[in-house]
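In the UniProt record's numbering, the protein residues as written are 1 to 359. The structure appears below as structure tokens.
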Ligand SMILES: Nc1ncnc2c1ncn2[C@@H]1O[C@H](COP(=O)(O)OP(=O)(O)OP(=O)(O)O)[C@@H](O)[C@H]1O
Ligand SMILES: [Mg+2]
């Protein structure tokens, strides 16, 4: 059952539509990521949910409480919805304890104890007397989370909370925030334009584009069965090749591949993930040549040029652990089912489409 329900929310600024009918469902206690490119309306959506902006249309419901809808706009402070803004969130002149307590009602009993509990929740026990300037970026972010959790919100909204942190810190603060949120039992929405962050942190991911949620699902669903080719490209790395479906088989210049799901016969494109491209001895696969390698430490992405039947050269990316020198000759085999999308009128088909279609 969803705790937070956003239905058909629209919002225009000076007649320019920004939200164009957003639907979002977040189950109770879940952490949802709203993932989308810059300018697609993520912050606007959070501001509508928090009540800082009035929706032009649609409804926002938390539990059985209608917060926004036709003729209704509950004031932000009455929504029990907390927001952790992007950065600079802390009051610089207040101590950590002062910042966290700011969110508590004056009359709250055992304020000190509650502050200590919240700091423990975010892994900062004993930091009460520090000033924000004496904290690292990640610690500041965690204090901001503790402050947002202080009034015991039902829903907590986080707007790109990790974007100011460097790569090393990001992953660990992300994990801390995730476990603090789960421990608090709060239902949370995290806005990000970082697909890796969305996939690794959230229980459910909503992919947003041009003021709409184009797909929502678990990280696995979004990655493995993207709704369209643009989602496939946006979420994770994708190798996109021309492909024709006939009788449930995907025909490509790289060979006949099993289809993930179902599709009617037609011309279109298949999406391969780099981990589906396996390196094999030259004699056992399609011949390929290494164009370039991008090293990430834990693994590397290798750009290959595969020589397909009919002498078609196809760029393909795979993932490897070892080093592969440029120009090295290798063999390639494709494993696992592929997602396929029919050609849309405005798709430009890459070279090789004709060969695949007539295969
Ligand atoms: N108060 C406003 N008045 C007019 N236009 C606005 C206002 N707020 C946002 N917009 C416009 O709405 C669009 C969406 O903005 P929004 O801040 O929601 O995007 P975003 O997805 O959060 O982007 P980013 O990832 O860059 O933060 C942008 O084109 C922006 O210029
Ligand atoms: Mg934003």
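Yeah, the Cβ is synthetic: ideal placement off N, Cα and C, and Gly gets one too. This one's a predicted model, so the numbers in the text were calculated from it and none came from an experiment.
Out of the options, which one is the CA nearest neighbour of residue i?
i           : options            : result
residue 37  : 139, 169, 198, 24  : 198
residue 15  : 46, 4, 55, 270     : 55
residue 89  : 202, 162, 189      : 162
residue 323 : 302, 44, 10, 346   : 302
residue 325 : 311, 288, 224      : 288
residue 313 : 321, 304, 319      : 304
residue 142 : 124, 28, 154       : 124
residue 225 : 181, 249, 242, 273 : 273
residue 35  : 251, 191, 84       : 191
residue 296 : 132, 167, 107, 103 : 167
residue 269 : 283, 245, 255      : 245
residue 51  : 77, 65, 181, 32    : 77
residue 154 : 30, 342, 316, 17   : 30
residue 96  : 113, 119, 277      : 119
residue 206 : 17, 45, 18, 347    : 45
residue 70  : 232, 129, 195, 10  : 10
residue 201 : 216, 179, 183, 208 : 179
residue 277 : 267, 261, 257      : 257
Mind checking who residue i pairs with in its DSSP beta bridge?
i           : result
residue 99  : None; residue 99 has no bridge partner.
residue 48  : Answer by DSSP bridge pairing: none, since residue 48 is not bridged.
residue 298 : In DSSP, residue 298 forms no bridge with anything.
residue 292 : 303
residue 318 : 302
residue 241 : 270
residue 73  : 68
residue 162 : Answer by DSSP bridge pairing: none, since residue 162 is not bridged.
residue 27  : 2
residue 33  : 190, 205
residue 217 : 205
residue 20  : 10
residue 324 : DSSP, once it has assigned bridges, lists no residue as partnering residue 324.
Looking at ligand 2, does it come within less than 6 Å of residue i, judged from the CB to the closest heavy atom?
i           : result
residue 339 : no
Am I right that residue i and residue j are in contact with their C-beta atoms under 8 Å? What's the rounded C-beta distance?
i           : j           : result
residue 211 : residue 20  : 4 Å
residue 7   : residue 58  : 6 Å
residue 115 : residue 101 : 5 Å
residue 49  : residue 157 : 6 Å
Can you tell me whether DSSP reads residue i as helix, strand or coil?
i           : result
residue 169 : helix
residue 357 : Because residue 357 carries a pLDDT of 43, less than 50, the predicted location of this residue cannot be relied on, and the following value inherits that uncertainty. The answer is helix: DSSP assigns residue 357 an H, G or I state.
residue 15  : coil
residue 193 : coil
residue 91  : coil
residue 5   : strand
residue 212 : strand
residue 129 : coil
residue 226 : coil
residue 252 : strand
residue 86  : coil
residue 342 : strand
At a threshold of 6 Å, does residue i count as lining ligand 1 (C-beta to nearest heavy atom)?
i           : result
residue 42  : yes
residue 52  : no
residue 163 : no
residue 73  : no
residue 193 : yes
residue 39  : yes
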